[in-house]
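*Asks:* Mind having a look at this structure? Questions to follow.
Numbering (the working numbering), first residue to last: 79 to 304.
Here you go:
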């Protein structure tokens, strides 16, 4: 998981969300997903999880006053909704009058009543205490979604890269794909595929074939947090 990988994956993820938006929702994503939000992804989320599955930027919700507002991020998975808000020091609340300030907490309570888990992180902490928040986020996701973290912890970095690619592709994974993502030869690629077969994450697409060329993720297993 390198920062070069982050830049590539971040742009692909952002483009995918932009393609689904139009009007005000698209404009908000283009303007609202800025420095603080990207810094959160780069320094916390990417290091902690290595992907952006289930994460939605500038997520639109109905305001308690029947208007619309946007969360910095929403993590939505298996019926659980987590609101993630990034707060630069002094740049938001200073612009509010007393009533607007009070309404912030009314909105907060409406989200709680609607079943949201709300997490607020300061930009200062993202810069100064990233490891603390990486651990806190991992603990939360691990507590909510069970065994994934302990399962994924048994995968090497190369195995995680392969499985992450296989989960993202809309076709079976090939040795050539593994060779490209790991920048290795075919023998090394086959070695890592074999390990993932032994760990029951990958299955041959065609069982019983004398020579296996393509693999699929075992759909009976829930994807780990990689």
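Just so it is clear, CB atoms sit at the ideal spot from N, CA and C, and this is done for glycine as well.
I'd like the list of long-range same chain contacts for residue 280, defined as Cβ closer than 6 Å, with 5 residues on each side in sequence excluded.
*Replies:* Position 202 of the chain shown, counting from 1, holds the residue named residue 280. Around residue 280: 274, 293.
*Asks:* Return the CA-CA distance between residue 190 and residue 196, expressed in angstroms with no decimal places.
*Replies:* Numbered from its first residue, the chain shown carries residue 190 at position 112. Numbered from its first residue, the chain shown carries residue 196 at position 118. Each residue's alpha carbon lies about 7 Å from the other.
*Asks:* Report the start-end ranges of each alpha helix (DSSP H) in the segment 203 to 285 that is 4 residues or longer and not cut off at the edges.
*Replies:* Within the segment 203 to 285, the complete alpha helix (DSSP H) runs of at least 4 residues are 208 to 223, 226 to 230, 235 to 246, 253 to 260, 264 to 276.
*Asks:* Would you please state the rounded distance, in angstroms, between the beta carbons of residue 257 and residue 264? I believe it to be under 8 Å.
*Replies:* On the chain shown, residue 257 is found 179 positions in, with the first residue counted as 1. On the chain shown, residue 264 is found 186 positions in, with the first residue counted as 1. Their Cβ separation, rounded to whole angstroms, is 6 Å, which keeps residue 257 and residue 264 in contact under 8 Å.
*Asks:* Take the Cβ of residue 270 as the centre, count every other Cβ of all protein chains shown within 10 Å, and call the residue buried at 16 or more, exposed below.
*Replies:* By one-based count along the chain shown, residue 270 stands at place 192. Buried, since its Cβ has 16 or more Cβ neighbours within 10 Å.
*Asks:* What are the boundary residues of the alpha helix (DSSP H) that includes residue 179?
*Replies:* Locating residue 179 in the chain shown gives position 101, where the first residue counts as 1. First-last of the alpha helix (DSSP H) with residue 179: 176 to 191.
*Asks:* Count the other CB atoms, across all protein chains shown, that sit within 10 Å of the CB of residue 124; report buried if there are 16 or more and exposed otherwise.
*Replies:* In the chain shown, the residue the question calls residue 124 occupies position 46. Classification of residue 124: buried, given that the 10 Å Cβ count is 16 or more.
*Asks:* For residue 129, does the three-state DSSP call read helix, strand or coil?
*Replies:* As a first step, residue 129 is located in the chain shown; it is residue number 51 there, counting from the start. Looking at residue 129 - three-state DSSP - the assignment turns out to be coil, as it is neither helix nor strand.
*Asks:* Would residue 113 be called buried (16 or more neighbouring beta carbons within 10 Å of its own) or exposed?
*Replies:* Translated into the one-based positions of the chain shown, residue 113 becomes position 35. Exposed, since its Cβ has fewer than 16 Cβ neighbours within 10 Å.
*Asks:* Assess contact between the segment 145 to 156 and the segment 85 to 101, defined as three or more Cβ pairs (one per stretch) separated by less than 8 Å. Is contact present?
*Replies:* Segments in contact, no.
*Asks:* If I measure Cβ to Cβ from residue 204 and keep anything under 8 Å in the same chain, skipping five residues before and after, which residues do I get?
*Replies:* The residue you call residue 204 lines up with position 126 of the chain shown. The answer, listed in chain order, is 114, 117, 118, 121, 122, 164, 211.
*Asks:* Please list, in chain order, all residues of the same chain as residue 107 whose beta carbon is under 7 Å from its beta carbon, the five residues on each side excluded.
*Replies:* Position 29 of the chain shown, counted from the first residue, corresponds to residue 107. Cβ neighbours of residue 107 beyond the five flanking positions: 95, 96, 99, 135, 136.
*Asks:* With respect to the beta strand (DSSP E) encompassing residue 161, which residues constitute its N-terminal and C-terminal limits?
*Replies:* Within the chain shown, the letter at position 83 stands for residue 161. Counting along the chain, the beta strand (DSSP E) containing residue 161 begins and ends at 158 to 165.
*Asks:* Which value, in whole angstroms, describes the spacing of the CA atoms of residue 138 and residue 103?
*Replies:* Locating residue 138 in the chain shown gives position 60, where the first residue counts as 1. Locating residue 103 in the chain shown gives position 25, where the first residue counts as 1. Straight-line Cα distance between these residues: approximately 7 Å.
*Asks:* Where do the N-terminal and C-terminal ends of the beta strand (DSSP E) with residue 149 fall, by residue?
*Replies:* Within the chain shown, numbered from 1, the residue matching residue 149 stands at position 71. That run of the beta strand (DSSP E) goes 146 to 155.
*Asks:* Which residue's Cα is closest to the Cα of residue 111: 82, 158, 89, 129?
*Replies:* Numbered from its first residue, the chain shown carries residue 111 at position 33. It is 89.
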